[in-house]
C-alpha cells in the first residue's frame, strides 16, 4: 500500500442526543444541511462522494467542498499594481472533507481542512479522554503533555509539555479541568486492543492525543481507521467504567437522559441572570473566551455576525463589553424580554480568523461565556460550552483552606468607615484629610494602580485595594494587587522611582475640574516626598497589601464565621492564590471586610 494512502486521523463521535432515534442517513443529512446552510457564499456546498466499494458492518458517507478566498495580502497592492495584472486576480482554493462512519448504534466522523470546525458543534466533547481513561491508569508514567482550563483562579488555562513522561497523580488538579492529554500507548495496548500488527509497529510505543477527538499518532489506512473505530466501540462495551476519573468535577453530560432536564434549567437560569444583571446595569460575573482559548487569543481578526449581517469586524480581541457596546450603538439590541435578548445578543455568532482569513474558532456569544452559578444549593460552572457541578469535597476543602487563611490575615481595625456609597469615588473621598492617609484611587502608572488608599505609620505601609461585592470580581482585584506587588518589588530592586512618579501624578491633578480628581491633587503630601515613607521601610514585609471589600449580599454575613454562606468559589480561590503570591514576593497581606 502506498504511503500517501495513509495519514494520521482524529476520530470524533457524533452526539446523537439531539437526533433521537433517527437513522444514519437522516442524521448525516441533517448535519450536512445545517453546515451548508451556514457556509459563506465563497464556499461550495458539501456534496456526497461516490464510493468504489462497501464495507460490511459500516455505514459510510463522504462529503467534499471547496472554498475560494482572495489572499489576505491582496488589498495591500490594490493602489500600486496596474488593474489587469495577474497578481490582482489571485485567489486561494481550499478543499475540505467530512466522512461519517456508522457502526452499531454510534456514528463517528473524521474531517480535513476546515471540516474540524464545522463538526465541532455536532460532536461529543470528551470522546478522547473517555477512551484514554480506559486505556491507562492514573499512576502510570505516560503523560507527555496536558492542556487544562481553570474554573477558579486568575489563570484561564495552561499548556504544559514535560521533558520526561509524568503521572497524572503528580499534578495539582485543584480547580482544573483537563481537556487535552497527550500520552504514550505501550505495545500491549497497540497490539491487543487496537490490533496493530508487528509490521505496523516500528517502535514499541506510540503517542495519542485525547480531547474531544481521539488520535493515535500513526499513519493509518482507511481500513485500519474502521478497525480502530470498531475497537473503540468494543472498549466502551467491555469497560463500562473508566480506570479513573480525569477531572474532579461532575460533567453534566447532555447525552445522559437524567441530566437533560437539569441542563435546560441551568441554561435558562444562567441566561436569566445575565439578562437581569444587564437590565439592572450590574457588573456581570463571568469570563469571555472560546473553549479553544489559545486560538482565540492569538487570532488576527474577530468577526461578529447575525445571520448574513456583519455586526463587527476588528483586529482587537472581543470582550463581552465591546460586543455589547457595538450591538447597542448600531441598533441591533432588542431587550424587552429574555427571549429577544437571547436572539438579538446571546445568539450572535463570534468567529476568529488567522492571517490567511481561515477560521480558527466559531461559536455563539453565549458559548463564549464562562461563569459560576448557584442553583438549588449546588455550585455549577459553565465552562467551554459545557456544564459542570463542583463536588462537595472540593467545596469543603476550599472553605476549610480559605477559613484557615482568613484567620491569619483578617484585620478588624485597619478601616472602620462604613461603605454605604454607590461608587468607590465617593467612598474613598471620606479619607481626604485623614492623618497618615493618602487617596490614590484611579492613579495609574503603566496602567497599574498601586492602591486605592495608602495608610502608614512608623512601622508599616498599608496599600489598600477596595472592591464592592465578594464575587467573581475579587479575581480581577486579586490580579490587580498581584501586578501592583510585582511592579513594586521590581521598583525597589531597580530604583525606578515608581512612588515619585505617582506623587507627580497627584500634584499634576491640583486644580482639576473633576471634583474627585481635584481633591486628589490637593492632598498635603510629606515634605520629604511620598517616596520618603517607603525609604524608611527596611523589611519588605512591612509593606502590606490589603484586599478590602464590602459585602453586597442580601443577608448580613461575616467572612470568617460564615465562609460557607459566601457562594463564589472563584473569590475564595483568588484569595488563596493572592496570599501565596504576596508571600513569594515577601509582602504582608491583610483582608478587610468593610462595614456597611
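In this note's numbering, the protein residues as written are 2 to 597. Even glycine gets a Cβ: it sits at the ideal position worked out from N, Cα and C. These numbers come from a predicted model, not from an experiment.
- Of the residues assessed, residue 515 falls on the exposed side of the cut-off, its CB having fewer than 16 other CB atoms within 10 angstroms.
- Three or more beta-carbon pairs separated by less than 8 Å link the segment 130 to 139 to the segment 205 to 217, which places the two stretches in contact.
- Under DSSP, residue 101 forms a beta bridge with 62, 110.
- Rounded to whole angstroms, the gap between the alpha carbons of residue 100 and residue 253 is 28 Å.
- A distance below 8 Å separates the beta carbons of residue 158 and residue 149.
- DSSP places residue 481 inside the alpha helix (DSSP H), whose first and last residues are 474 to 495.
- Residue ranges of uninterrupted alpha helix (DSSP H) with 4 or more members, entirely inside the segment 526 to 575 and ordered along the chain, are 532 to 536.
- Note that the C-beta distance between residue 588 and residue 538 is not below 8 Å.
- When rounded, the separation of the alpha-carbon atoms in residue 194 and residue 156 is 38 Å.
- Per DSSP, the continuous beta strand (DSSP E) segment holding residue 149 begins and ends at 144 to 151.
- Within the segment 399 to 462, the complete beta strand (DSSP E) segments of 3 residues or longer fall at 438 to 440, 454 to 457, listed in chain order.
- When only Cα atoms are considered, residue 511 and residue 585 end up about 37 Å apart.
- By the CB criterion at 8 Å, residue 153 and residue 176 fall inside the cutoff.
- Counting only runs of 4+ residues, the alpha helix (DSSP H) found wholly inside the segment 11 to 56 occupies 25 to 39, in chain order.
- In the pairwise beta carbon analysis, the segment 388 to 396 is classified as not touching the segment 326 to 345: fewer than three pairs are separated by under 8 Å.
- In terms of Cβ geometry, residue 98 and residue 144 do not form a close pair [threshold 8 Å].
- When the five nearest sequence neighbours on each side are left out, the beta carbons in the same chain lying within less than 7 Å of the beta carbon of residue 107 are those of 14, 234, in order along the chain.
- Residue 362 is bridged by DSSP to 353.
- Straight-line measurement puts the Cα of residue 477 at about 25 Å from the Cα of residue 507.
- For residue 390, the enclosing beta strand (DSSP E) starts and ends at 387 to 391.
- In the three-state DSSP reduction, residue 134 falls in the coil class, being neither helix nor strand.
- Cβ neighbours of residue 126 within its own chain (closer than 7 Å, five residues either side excluded): 213, 387.
- Judged by beta-carbon spacing, residue 189 lies beyond the 8 Å limit of residue 168, meaning their Cβ atoms are not closer than that value.
- A straight line joining the alpha-carbon of residue 421 with that of residue 470 spans about 12 Å.
- Rounded to whole angstroms, the separation of the alpha carbons of residue 466 and residue 403 is 19 Å.
- By the C-beta criterion, the segment 408 to 417 is judged not to be in contact with the segment 311 to 320, since fewer than 3 inter-stretch pairs fall below 8 Å.
- With contacts defined by Cβ atoms closer than 8 Å, residue 462 and residue 549 do not form a contacting pair.
- Restricting attention to 326, 240, 248, the CA atom closest to the CA of residue 182 is found in 248.
- As the crow flies, the alpha-carbon of residue 27 is around 14 Å from that of residue 109.
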